[in-house]
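A quick write-up on the structure given underneath.
There are 2 protein chains.
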Amino acid sequence: MQVAQILIDGKWRDADASDTFRAENPAIGEPLPTAFPVSRWIDCELALNAATAAAIELRNTAPERIAAFLDVYAANIERASEAIVAAAHEETGLPASPRLRDVELPRTTNQLRQAADAAREESWRRPTLDTQKNIRSVLSPIGPVIVFGPNNFPFAFNGVSGGDFAAAIAAGNPVIAKAHPLHPNTTRLLAEEARRAIIETGLPSGTVQMIYNMNNEDGLKLVSDPRVGAVGFTGSPAAGLRLKRAAEEAGKPIYLELSSINPVIFLPGALAEDGERLARELVDSCLAGAGQFCTSPNLILLWNGADAENLLAHVAKAFSERAPQPLLSAAGRKHIQEGVAALIDAKAQLVTGGAVVEGPGYRYANTLLRITAAQFLTQPHALQREVFGNATMALTVGDHKELEAVLAQLEGNLTGAIYSAQSGADDNIYDAIEPLLRQKVGRLLNDKMPTGVAVSPAMNHGGPFPATSHPGFTSVGIPASLTRFAVLQCYDGVREDRLPAILRNKIANPRTWRSIDGAWVKG
Amino acid sequence: MQVAQILIDGKWRDADASDTFRAENPAIGEPLPTAFPVSRWIDCELALNAATAAAIELRNTAPERIAAFLDVYAANIERASEAIVAAAHEETGLPASPRLRDVELPRTTNQLRQAADAAREESWRRPTLDTQKNIRSVLSPIGPVIVFGPNNFPFAFNGVSGGDFAAAIAAGNPVIAKAHPLHPNTTRLLAEEARRAIIETGLPSGTVQMIYNMNNEDGLKLVSDPRVGAVGFTGSPAAGLRLKRAAEEAGKPIYLELSSINPVIFLPGALAEDGERLARELVDSCLAGAGQFCTSPNLILLWNGADAENLLAHVAKAFSERAPQPLLSAAGRKHIQEGVAALIDAKAQLVTGGAVVEGPGYRYANTLLRITAAQFLTQPHALQREVFGNATMALTVGDHKELEAVLAQLEGNLTGAIYSAQSGADDNIYDAIEPLLRQKVGRLLNDKMPTGVAVSPAMNHGGPFPATSHPGFTSVGIPASLTRFAVLQCYDGVREDRLPAILRNKIANPRTWRSIDGAWVKG
Numbered sequence: 096m097q098v099a100q101i102l103i104d105g106k107w108r109d110a111d112a113s114d115t116f117r118a119e120n121p122a123i124g125e126p127l128p129t130a131f132p133v134s135r136w137i138d139c140e141l142a143l144n145a146a147t148a149a150a151i152e153l154r155n156t157a158p159e160r161i162a163a164f165l166d167v168y169a170a171n172i173e174r175a176s177e178a179i180v181a182a183a184h185e186e187t188g189l190p191a192s193p194r195l196r197d198v199e200l201p202r203t204t205n206q207l208r209q210a211a212d213a214a215r216e217e218s219w220r221r222p223t224l225d226t227q228k229n230i231r232s233v234l235s236p237i238g239p240v241i242v243f244g245p246n247n248f249p250f251a252f253n254g255v256s257g258g259d260f261a262a263a264i265a266a267g268n269p270v271i272a273k274a275h276p277l278h279p280n281t282t283r284l285l286a287e288e289a290r291r292a293i294i295e296t297g298l299p300s301g302t303v304q305m306i307y308n309m310n311n312e313d314g315l316k317l318v319s320d321p322r323v324g325a326v327g328f329t330g331s332p333a334a335g336l337r338l339k340r341a342a343e344e345a346g347k348p349i350y351l352e353l354s355s356i357n358p359v360i361f362l363p364g365a366l367a368e369d370g371e372r373l374a375r376e377l378v379d380s381c382l383a384g385a386g387q388f389c390t391s392p393n394l395i396l397l398w399n400g401a402d403a404e405n406l407l408a409h410v411a412k413a414f415s416e417r418a419p420q421p422l423l424s425a426a427g428r429k430h431i432q433e434g435v436a437a438l439i440d441a442k443a444q445l446v447t448g449g450a451v452v453e454g455p456g457y458r459y460a461n462t463l464l465r466i467t468a469a470q471f472l473t474q475p476h477a478l479q480r481e482v483f484g485n486a487t488m489a490l491t492v493g494d495h496k497e498l499e500a501v502l503a504q505l506e507g508n509l510t511g512a513i514y515s516a517q518s519g520a521d522d523n524i525y526d527a528i529e530p531l532l533r534q535k536v537g538r539l540l541n542d543k544m545p546t547g548v549a550v551s552p553a554m555n556h557g558g559p560f561p562a563t564s565h566p567g568f569t570s571v572g573i574p575a576s577l578t579r580f581a582v583l584q585c586y587d588g589v590r591e592d593r594l595p596a597i598l599r600n601k602i603a604n605p606r607t608w609r610s611i612d613g614a615w616v617k618g
Numbered sequence: 096m097q098v099a100q101i102l103i104d105g106k107w108r109d110a111d112a113s114d115t116f117r118a119e120n121p122a123i124g125e126p127l128p129t130a131f132p133v134s135r136w137i138d139c140e141l142a143l144n145a146a147t148a149a150a151i152e153l154r155n156t157a158p159e160r161i162a163a164f165l166d167v168y169a170a171n172i173e174r175a176s177e178a179i180v181a182a183a184h185e186e187t188g189l190p191a192s193p194r195l196r197d198v199e200l201p202r203t204t205n206q207l208r209q210a211a212d213a214a215r216e217e218s219w220r221r222p223t224l225d226t227q228k229n230i231r232s233v234l235s236p237i238g239p240v241i242v243f244g245p246n247n248f249p250f251a252f253n254g255v256s257g258g259d260f261a262a263a264i265a266a267g268n269p270v271i272a273k274a275h276p277l278h279p280n281t282t283r284l285l286a287e288e289a290r291r292a293i294i295e296t297g298l299p300s301g302t303v304q305m306i307y308n309m310n311n312e313d314g315l316k317l318v319s320d321p322r323v324g325a326v327g328f329t330g331s332p333a334a335g336l337r338l339k340r341a342a343e344e345a346g347k348p349i350y351l352e353l354s355s356i357n358p359v360i361f362l363p364g365a366l367a368e369d370g371e372r373l374a375r376e377l378v379d380s381c382l383a384g385a386g387q388f389c390t391s392p393n394l395i396l397l398w399n400g401a402d403a404e405n406l407l408a409h410v411a412k413a414f415s416e417r418a419p420q421p422l423l424s425a426a427g428r429k430h431i432q433e434g435v436a437a438l439i440d441a442k443a444q445l446v447t448g449g450a451v452v453e454g455p456g457y458r459y460a461n462t463l464l465r466i467t468a469a470q471f472l473t474q475p476h477a478l479q480r481e482v483f484g485n486a487t488m489a490l491t492v493g494d495h496k497e498l499e500a501v502l503a504q505l506e507g508n509l510t511g512a513i514y515s516a517q518s519g520a521d522d523n524i525y526d527a528i529e530p531l532l533r534q535k536v537g538r539l540l541n542d543k544m545p546t547g548v549a550v551s552p553a554m555n556h557g558g559p560f561p562a563t564s565h566p567g568f569t570s571v572g573i574p575a576s577l578t579r580f581a582v583l584q585c586y587d588g589v590r591e592d593r594l595p596a597i598l599r600n601k602i603a604n605p606r607t608w609r610s611i612d613g614a615w616v617k618g
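Here you go:
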């Protein structure tokens, strides 16, 4: 049997495999032909050694060359996009177009190019000079970064091409990517383009490495290894919290993105003004990617009454009419089944859906549940269970006091949205509830759905625990996301000619913003 | 028996005490009269409730008022300085002058005023505007901060007046301070000045609270309580790592400063040029505060040869001639005894000192140990044990390869210093070893001792684990230290009039630096 090779220190090589696995085509539920290895520890060991060497070399590499790598890699992905999109479509069931080819792939290459530009500009390093005391500090690379990508974005969050990857590399660190086992072939094709880009730009061979899988124990060993600088993880709370414990026990920063139910609040005036449009927006947002987005709205809060019933009727109708998209895996469907059952157990009422859809692939009926505030408040934790997929729960409140009580029970989320009347009719309620929601979410939206996550310097794709592991950082948005993979290095009384170029009195890079004696200047 | 009261929600009140304790005068080894309570959980509960209410109110408090509090508090401390210095002298044995009155107290009030200015300026919040996409983000208060201060700086790192306190308050958070049990009365006097300043400036009564002590279990419960935003801790690795585990399990950011041996490297040319001056500088640095500084040099690296022997002879002579200062406690002396014994067990050779000094108070002979690189490399972990106090170990190397091997084994430290010849004779060695040392320390110094920690915006009082718990943050240096106690909050498509003032298109504060569409501007 032929088994795919892993990428270690610039070369494709046979894994020391304890086992193999195959991906499936989830749209038809059929296994795909290629076998991929589950690595034994020795593969991690080889990767760690190569990454350690690369980390040292990268510290002496001009930012321009790291930027060039990211740019060349982006171009390589575009050149190979047909094969990469085909592989991702086969492994994820996501539409080749527009989703994979026209949305996610351009987003991914755009992200790599923004990261290249941040590396080139160097402002992300926040160089800070106290010229009077001759004390200077700057953010510097943290060392080898382990990236675990999630199942739902085979390009934009892939460990070998996504946001964590781009941030870690742009910050000057080598990456060891663990492929998600649902799309190993996509990851292999991306890694090959990274490998070529490394050769073309002359970066150290250990700059990008990729392993498909390993057992849990070796995963924990990997994130707590002394050679590791930091870890990025996007995925399930169960796996993420295990890795968190191991990494933190070893003193390693680990940045997790775990779960989020992304509350969307429709204030009464907004519903009265344009309920049908809001219903359409909501349906589109809930069913995008079969609801398998980190920012998919899982909890809709609205006022008891005719407008709410109208909106829910529209949503229920659209949910039942639209063909459910294939889910990413059998396990994902099982997760939805269990989640919906648990919500119903906790007294949520099924409005539509709530059943597996027979036929090819892994599909689950688009599902709408509902519950009252009073019921929610009896079991707030159980009723905040994230159902990752095409299931959403509406929660009706009698008045804003009830809404406030619900918001007070909310756990940490990536996003929270409030739709309010353009007329200003909802402004008093907005003012009362905004402070409560604000503290529970990383990104607060007005009059729009949370599923779009722009790659903007002002973006926060982060939020309070348990949405992420640190509320001060974002995993999307450049240059802020780079700072996760950096250490603060201070130079005290160090002679001018020994300082890194970025901290000398005169700087060659005309684009770098520096804080000099309290003022931000460049050039 | 009269028992001191704790400060809860703006009022001095009786603790629910499970026990009481007294401080000692360590210079004479005599217990002091006042009894202080060990609180039961209910005291923490009351403090948490008041802090939660204060946190909400502080979010709607103008930065100017928070700044005013910090300024008034600094002035109050100065007005009450005679009593505060006397209490601290009595409880710590540290000289009233110059140390407490003329150095640490002005440093503390200066730190509070710098924090006030940072709160006023607001640039620490890193407001970031993407005006085209209308996405804006800003650092905002994280919520109640628990601060555990260390034994060695009764003012400048005190939980109720020190660096973590100033940073947490300036960032808009209430603080619950746990007093260090070695200086409860000093802490009480400081807390009283904070209480007065709160009244004078009208801040919420729960803004500053203080509890003297609690059992370990309640300490763990406190740092992992859902109401807590973050934790700052400076102290021993044993206690710190217990708190770290508990806080991180609950998803709370915790910033620890634990231990550091602060390597100082004398390159051969530097010793040849001015060995005697370096010996004097080293002795002063090692014995400052009886060596009880986080940045005290515990490990001196130097080349085998006559110059090294000369330097060590000078140091040994000065160590044996200078009267050992009183240590902070009997426990501290026991820790030194055990540490020195452990180093000797690991084959370090005693040059001078190495014994308890009889007489009043807790004193230990100024102690110099030495070891060769070859010996060090046989047990590098055991030989990096921090001995917190007036004991230092010299390590001699045969050549720069041996030095490199030693540096490769170094664990994370706050500081690392290299002295090199002014003539340039050491430049080649410097270039070879700097990259190794750089990765192991938060602050790299040239030609100076690490014991001075300037409160500069460019300072890093931080470093890789196990020196601290996160290598990206500093606990000294304003405004950077404030960012530890903040969350990133993003506003996506939020209507202009609902944005916080700092994120609107026009800003009233002329001093605030903002990053607008990639450029830092103010006004």
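Just so you know, the sequences run in chain order L and V.
Letter by letter, the first sequence follows residues 96 to 618 in the working numbering.
Letter by letter, the second sequence follows residues 96 to 618 in the working numbering.
Yeah, the Cβ is synthetic: ideal placement off N, Cα and C, and Gly gets one too.
This one's a predicted model, so the numbers in the text were calculated from it and none came from an experiment.
Kindly indicate if chain L contains any beta-carbon less than 8 Å away from that of residue i.
i, result
"V:Q474", "no"
"V:T156", "no"
"V:M544", "no"
"V:G301", "no"
"V:G335", "no"
"V:F328", "no"
Can you find a C-beta in chain V that's less than 8 Å from the C-beta of residue i?
i, result
"L:K429", "no"
"L:M305", "no"
"L:H681", "This structure leaves residue 681 of chain L out entirely; chain L is present only between 96 and 618."
"L:P348", "yes"
"L:D225", "yes"
"L:I230", "yes"
"L:T578", "yes"
Which chain B residues sit within Cβ distance under 8 Å of residue i?
i, result
"V:N357", "Annotation note: the requested chain B is absent from the structure, which comprises protein chains L and V."
Report the partner residues of residue i according to the DSSP bridge assignment.
i, result
"L:V536", "L:N508"
"L:M309", "L:S134"
"V:D225", "V:I230"
"L:Q304", "L:I271"
"V:T491", "V:L397 and V:T467"
With a cut-off of 8 Å, do at least 3 Cβ pairs link the segment 336-346 of chain V to the segment 338-357 of chain L?
Proximity of the segment 336-346 of chain V to the segment 338-357 of chain L meets the contact definition, three or more beta-carbon pairs being nearer than 8 Å.
Give the residues from the segment 586-605 of chain V that approach chain L closer than 8 Å (Cβ to any Cβ), ordered along the chain.
So the close ones are Y586, D587, G588, V589, R590 and R593.
Taking contact to mean 3 or more Cβ pairs, one atom from each stretch, closer than 8 Å, check whether the segment 287-306 of chain L and the segment 101-117 of chain L are in contact.
They touch, by the three-pair rule.
Quick one, which residues of the segment 379-396 of chain V are near chain L if we go by CB-CB under 7 Å, in chain order?
Of all residues in the segment 379-396 of chain V, none places a beta-carbon less than 7 Å from a beta-carbon of chain L.
Go through the segment 124-169 of chain L residue by residue and report every complete run of the alpha helix (DSSP H) that reaches 4 residues or more, in order.
Taking 4 residues as the minimum length, the alpha helix (DSSP H) runs contained wholly in the segment 124-169 of chain L are 136-154, in order along the chain.
Residues in the segment 237-256 of chain V having any Cβ partner in chain L nearer than 8 Å
Within the segment 237-256 of chain V, the residues whose Cβ lies closer than 8 Å to any Cβ of chain L are, in chain order, I237 and G238.
Is there contact between the segment 557-575 of chain V and the segment 513-520 of chain L, where contact requires at least three CB pairs shorter than 8 Å?
With a cut-off of 8 Å on Cβ pairs, the segment 557-575 of chain V is not in contact with the segment 513-520 of chain L, counting fewer than three such pairs.
Can you list, in chain order, the stretches of the alpha helix (DSSP H) that have 4 or more residues and sit fully within the segment 323-400 of chain L?
List check, alpha helix (DSSP H) in window: 332-344 and 363-382.
Contact set between the segment 205-220 of chain V and chain L, restricted to residues whose Cβ is under 8 Å from the partner
Here the close residues number zero.
Can at least three beta-carbon pairs, one atom from the segment 476-496 of chain L and one from the segment 429-439 of chain L, be found at a separation below 8 Å?
Yes, the segment 476-496 of chain L touches the segment 429-439 of chain L.
Which residues, in order along the segment 161-189 of chain L, keep a beta-carbon less than 8 Å from a beta-carbon of chain V?
If the cut-off is 8 Å between Cβ atoms, the segment 161-189 of chain L has nothing near chain V.
Is the segment 353-371 of chain V touching the segment 391-402 of chain V, taking contact as three or more C-beta pairs under 8 Å?
Touching, yes.
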